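Enquirer: If you scroll down you'll find the structure; I have some questions about it.
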Amino acid sequence: MGKEKAKADPTLRHIGIIMDGNGRWATARGLRRTRGHREGVEAAKRIVLAAIEEDVPYLSLYAFSTENWRRARDEVSFLMALVARNLRGQYDFYRENHVRVRHSGNLAGLPLEVQEEIAAVTEETQNNEAITINLAVNYGGRDEVVRSVNRALQDRPENATVPEISDEDIRSNLDLPDFPDPDLIIRTGGERRLSNFLIWESAYAELYFSERLWPEWTGDDLREALADFQRRKRNFGGMR
Ligand code: IPE
Ligand code: IPE
Ligand code: MG
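If you count the sequence shown from 1, position 111 lands on 99 in the numbering used here, and the numbers rise without skipping.
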């Protein structure tokens, strides 16, 4: 098993990040949007390292949503190639920093090359224990819940007459059932919405919105978010 408790706050086990603002970062500098996505990868590496320093056990990174296929064809193909290249090209980074890589999202809807890279990196990094990261690629929260319910239905015995699905059935058929629910969801880039990220899992997550664009994020930004999280009072519906 890897680490189970964050240094800053032992109740914090899983952070999800909506890495937004790559395009705006690039266009503000007169660069192509794709350049912003490349910078976004560098930011992701900085944040993984900072999360390891802070002993965060689980980190989910929203890299491509089920809605992002609506973008220009060039940008979509660039992003798919970038994902494939960075799964393959970052083995040294994963090994040196003991990063275990997992994937969530609709695998079958991804280009074959990306599917293969995901399978390979998951296998290659499975025994790494400094942190477990979830790369959410072709991920949508609604799509995940629908796939989960369908998996739960398939598991039912032939003679089950009442097709009642429980909370636990849905939970245990999510893409990463071994991940704890996120305690903190961070969105960079100024928008204040979830955009279909971890909608089932984030029922009681604390939300943190930052104006700063993703390519500008550093370890200090993550530490600021963690400090803010520590000041929150979580009730989970109970009494204060
Ligand atoms: C987030 O940055 C990365 C992806 C969605 C792939 P954007 O590409 O959404 O950047 P903005 O929001 O247009 O600035
Ligand atoms: C959310 O960002 C998806 C990812 C960061 C991968 P978007 O830029 O796609 O979200 P919207 O369209 O502004 O809601
Ligand atoms: Mg965006």
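Don't be surprised by glycine CBs; every beta carbon is placed ideally from N, CA and C.
These numbers were taken from a predicted model, which means no experiment stands behind them.
With a threshold of 8 angstroms, are at least 3 pairs of Cβ atoms found where one atom belongs to the segment 135 to 144 and the other to the segment 108 to 118?
Expert: no
Enquirer: What three-state label does DSSP hand F197 in the structure shown?
Expert: strand
Enquirer: Using the rule of at least 16 other Cβ atoms within 10 Å of the residue's Cβ for burial, across every protein chain shown, is F224 buried or exposed?
Expert: exposed
Enquirer: In the structure shown, what three-state DSSP assignment does M(-11) receive?
Expert: Only weak support is given to the placement of M(-11): the predicted model assigns it a pLDDT of 47, under 50, and the question is left unresolved by the model.
Enquirer: Who are the Cβ neighbours of R26 in its own chain at under 8 angstroms, not counting the five residues just before and after it?
Expert: L70
Enquirer: What residue from A32, I121, S198 and D169 has the CA that sits closest to R180's CA?
Expert: S198
Enquirer: Got a sec: is the Cβ-Cβ distance from H25 to anything in chain B below 7 angstroms?
Expert: Looking at the structure shown, chain B is missing, and only one protein chain is on hand.
Enquirer: What is the DSSP secondary structure of H25, counted as helix, strand or coil?
Expert: Correct three-state label for H25: helix.
Enquirer: By Cβ distance below 6 angstroms, which residues in the same chain neighbour I187 in space, the five residues on each side in sequence not counted?
Expert: G129
Enquirer: Around ligand 1, what residues have a beta-carbon under 7 angstroms from a heavy atom of it, in chain order?
Expert: M7, D8, G9, N10, G11, R12, W13, R21, G24, H25, G28, A51, F52, S53, N56, L67, G177, L201 and W202
Enquirer: Measure the alpha-carbon distance for F81 versus L37 and round it to whole angstroms.
Expert: 10 angstroms
Enquirer: Taking 6 angstroms as the cut-off, does the CB of S183 come closer than this to any heavy atom belonging to ligand 2?
Expert: yes
Enquirer: Are there 16 or more other CB atoms within 10 angstroms of the CB of N147, so buried, or fewer, so exposed?
Expert: exposed
Enquirer: Short of 8 angstroms in beta carbon distance, which residues of its chain neighbour I153, apart from the five on each side in sequence? Order them along the chain.
Expert: V137, A140 and L141
Enquirer: Helix, strand or coil: how does DSSP classify R175 here?
Expert: strand
Enquirer: Identify the continuous beta strand (DSSP E) that holds L47 and give its terminal residues.
Expert: For L47, the enclosing beta strand (DSSP E) stretches over residues Y46 to S53.
Enquirer: Compare the Cα-Cα distances from L164 to each of S48, E84, L100 and D171 and report the closest residue.
Expert: S48
Enquirer: Below 8 angstroms, can you find three or more Cβ-Cβ pairs linking the segment 6 to 20 to the segment 85 to 100?
Expert: no
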